[in-house]
Amino acid sequence: MAKGASGAGLLETSLRNDRDDLAAQDIVRGMDDSSTSQLRRGVIGPCILALLATGPRYGLQIVKELDQGGRLLTSQGTVYPLLTRLSEAGLIRTAWEEIESGRSRRYYEPTPAGLARLEEFIGEWSRFTSTVDALLTRAPDSAVHEGATEETR
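Just so it is clear: in the sequence shown, position 32 is 32 by full-length UniProt numbering, and no numbers are missing.
(1) How many angstroms separate the CA atom of GLU97 from the CA atom of SER104?
(2) Could you give the DSSP three-state label for ALA95: helix, strand or coil?
(3) With DSSP collapsed to three states, give me the class of ARG71.
(4) Taking only beta-carbon atoms, is GLN76 less than 8 Å away from chain C?
(5) Can you tell me where the beta strand (DSSP E) with PRO110 in it begins and where it stops?
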């Protein structure tokens, strides 16, 4: 019995080590080029709410404003499904307005719940970026560059 118990202990230790290795791999994997894309996807919704907080906009107008800096949108195709999800979540509402005879445009504006969510996000974002900035600025430049290869310098 003691032999089986120690075997179970070894198996448990092995599984824990495997789980820790997988967690470390996930962290490293999260630091590749897709981490920027993931960060973008995470902030586009609040950025849309921020744009709409200043006044109603139609879809293409939102796309153009998000893309002005050239670093926020990975694809224009991500905006319209996100607008649908924000609407379904009750964070924005839509209204059709006639722009020319026979032509209409869908305008989006935030709901009170959307404005409250934006306010929450702004507070969270401020704390988040302050913490990340503080941690990143702790690393001396020489330590960061020592790990870099000639190709990445």
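Cβ coordinates follow ideal geometry from the N, Cα and C atoms, glycine included.
Answer, in terms of the structure:
(1) The straight-line gap from Cα to Cα measures roughly 5 Å.
(2) It is a strand residue.
(3) For ARG71, the three-state secondary structure derived from DSSP is coil.
(4) The question asks about chain C, but that chain is absent: this structure has only one protein chain.
(5) In the DSSP assignment, PRO110 falls within the beta strand (DSSP E) that extends over 103–110.
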